[in-house]
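Asker: Sharing a structure, written as structure tokens. Questions coming.
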Amino acid sequence: MDPVRFGAQGPFVSYVQLALDRAGMMPGPIDGLFGPQTEKAVRIFQTQEGLNADGIVGPATRLALTPYLVGYRSLPIRVGDTFYQIARSYGTTVTALITANPDLDPTNLPIGGTVTVPFSFRTVPTGVPYTAFLVDQIVTGLTARYPFIRATEFGRSVMGRPLHALCIGRGPTHVLYNAAHHANEWITTPVLLRFLEEYAAAYAHNGSLHGQSASNLFDSTTLTVVPLVNPDGVDLVTGALPNESPFFINAQQLAFNYPAVPFPDGWKANILGVDLNLNYPAGWEEAKKIKESQGYTRPGPRDYVGPAPFSEPESAALAALTEAHSYRLTLSYHTQGEVIYYKYLDFQPPYALAIGQAFSRASGYALEQTPYESGFAGYKDWFIQSFDRPGYTIEAGRGTNPLPLDDFDSIYRDNLGILVQGLVLVR
Ligand SMILES: [Zn+2]
Numbered sequence: 001m002d003p004v005r006f007g008a009q010g011p012f013v014s015y016v017q018l019a020l021d022r023a024g025m026m027p028g029p030i031d032g033l034f035g036p037q038t039e040k041a042v043r044i045f046q047t048q049e050g051l052n053a054d055g056i057v058g059p060a061t062r063l064a065l066t067p068y069l070v071g072y073r074s075l076p077i078r079v080g081d082t083f084y085q086i087a088r089s090y091g092t093t094v095t096a097l098i099t100a101n102p103d104l105d106p107t108n109l110p111i112g113g114t115v116t117v118p119f120s121f122r123t124v125p126t127g128v129p130y131t132a133f134l135v136d137q138i139v140t141g142l143t144a145r146y147p148f149i150r151a152t153e154f155g156r157s158v159m160g161r162p163l164h165a166l167c168i169g170r171g172p173t174h175v176l177y178n179a180a181h182h183a184n185e186w187i188t189t190p191v192l193l194r195f196l197e198e199y200a201a202a203y204a205h206n207g208s209l210h211g212q213s214a215s216n217l218f219d220s221t222t223l224t225v226v227p228l229v230n231p232d233g234v235d236l237v238t239g240a241l242p243n244e245s246p247f248f249i250n251a252q253q254l255a256f257n258y259p260a261v262p263f264p265d266g267w268k269a270n271i272l273g274v275d276l277n278l279n280y281p282a283g284w285e286e287a288k289k290i291k292e293s294q295g296y297t298r299p300g301p302r303d304y305v306g307p308a309p310f311s312e313p314e315s316a317a318l319a320a321l322t323e324a325h326s327y328r329l330t331l332s333y334h335t336q337g338e339v340i341y342y343k344y345l346d347f348q349p350p351y352a353l354a355i356g357q358a359f360s361r362a363s364g365y366a367l368e369q370t371p372y373e374s375g376f377a378g379y380k381d382w383f384i385q386s387f388d389r390p391g392y393t394i395e396a397g398r399g400t401n402p403l404p405l406d407d408f409d410s411i412y413r414d415n416l417g418i419l420v421q422g423l424v425l426v427r
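Here it is in structure tokens:
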């Protein structure tokens, strides 16, 4: 990664600002624009860390800022250290330390060993654009702070980015929530990650989540969260791909064939121009016919079904993950429209309607039949067809994609009931 300095802009500047803000350096608004205030904050931070105060975020400064992105730091244990005293020094709690260090005996800390010290702020940010890099950092942070969250890499994207699955709970009933099949719908990624962190925090504190005991949820279900199905596409939309990258140039050329779709804001596909939610073998031929009649005949920003079902590594990997676990229920998060879809053609798995109605009551979203022209080849369609179990597409929020970050809080509030009910109502 290149140094980030005065005049730079983009998501990586936002992350520098976020980390500085969390470190108490007051960089000003987290807006992705590296101006004088950000530079001043970098210099103050560098001085405090004993680094050369040049105001440029190079490798050493980036390393020093990383704990403030991932939400914890690792410290060597010294003679006389106790959890109580570490908690006081670093503004955290003894409970957070016990949670993050299940293998350490608080009454007998091993001198020379390592202790994970979570910060008091949440790891999952909601005020910055999302990228594959940020999700990697969050996975590192959440699994360190909450070791009962198990992370696996179930595949790789076209560009080789890890596809993460995060697992919480030890119940016999398995549930899968996924987000961001569609690149410009990436606001759904922090929705799932924030939910996972709130759930983990509630479990660690013996608390509750939307009126449900977190430990009951934990013991009855095993939840797998796939927060970012399409990391490459999201990086294109949020500006993380350099303009000179061959993948960026290729995507830009594909977009020329669809001049009516704004670039990159209108991009839904993966980096090769295949719409991942039209790449599943559930009426794929029908989807192809419909989309071709609408003019989507070749790779582009949206609605191209791909050369064959499962032609893309992202959809193929998610299907393989799904087949490997006997998920009783799946939620696929999209934006926008405040609608819940629960059927594939006339397939309606047992309990699908009743659970969908409960979701609708919890969120205020409408429960609807999928419109015919978008009713094929999606993950939900394939899941219902393959397993005859409830699978839902949730179209969160309202407006034009990508929805602004300002909408995050209301989207999260509306969907919290669905996310909890999915664990409660599943059979
Ligand atoms: Zn979508």
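Residue numbers for the sequence shown follow the working numbering, beginning at 1 and rising by one.
A virtual CB, placed ideally from N, CA and C, is assigned to each residue, including glycine.
Which one or two residues does DSSP pair with Ile411 in a beta bridge?
Answerer: Answer is none; Ile411 lacks a bridge partner.
Asker: With a threshold of 16 other CB atoms inside 10 Å of the CB of Ala200, please say whether the residue is buried or exposed.
Answerer: Per the 10 Å Cβ criterion, buried.
Asker: Let me know the beta strand (DSSP E) ranges lying completely inside the region 278-343, each 3 residues or longer, listed in chain order.
Answerer: For the region 278-343, whole beta strand (DSSP E) runs of length 3 or above, ordered along the chain, are 327-335, 339-341.
Asker: Would the region 120-138 and the region 284-291 be scored as touching if the rule is three or more Cβ pairs under 8 angstroms?
Answerer: These segments do not touch.
Asker: Looking at Lys268 and Arg302, is the spacing between their C-beta atoms short of 8 angstroms?
Answerer: yes
Asker: Determine whether the beta carbon atoms of Pro349 and Asp381 lie at a separation below 8 angstroms.
Answerer: no
Asker: Could you pull out every unbroken beta strand (DSSP E) segment of at least 3 residues lying fully inside the region 157-192, listed in chain order?
Answerer: 162-168, 173-179
Asker: Looking at ligand 1, does it come within less than 7 angstroms of Asn230, judged from the CB to the closest heavy atom?
Answerer: no
Asker: Please go through the same chain and pick out, in chain order, the residues whose beta-carbon is closer than 6 angstroms to the beta-carbon of Met1, but skip the five residues on each side of it.
Answerer: none
Asker: Whose CB is closer than 7 angstroms to a heavy atom of ligand 1? List the residues in chain order.
Answerer: His181, His182, Glu185, Lys268, Asn277, His334, Thr335
Asker: Which one or two residues does DSSP pair with Phe195 in a beta bridge?
Answerer: Answer is none; Phe195 lacks a bridge partner.
Asker: Taking the straight line between their C-alpha atoms, what separation do you get for Leu487 and Leu142?
Answerer: It is not possible to answer for residue 487, since the shown part of the chain is limited to 1 through 427.
Asker: Considering Cα atoms alone, identify which of Gln137, Phe148, Tyr90 is closest to Asn101.
Answerer: Phe148
Asker: Do the region 348-365 and the region 271-288 meet, that is, are 3 or more Cβ pairs less than 8 angstroms apart?
Answerer: no
Asker: Where does Ser14 sit, in a helix, a strand or coil, going by DSSP?
Answerer: helix
Asker: Where does Leu69 sit, in a helix, a strand or coil, going by DSSP?
Answerer: helix
Asker: What is the DSSP secondary structure of Ile394, reduced to helix, strand or coil?
Answerer: strand
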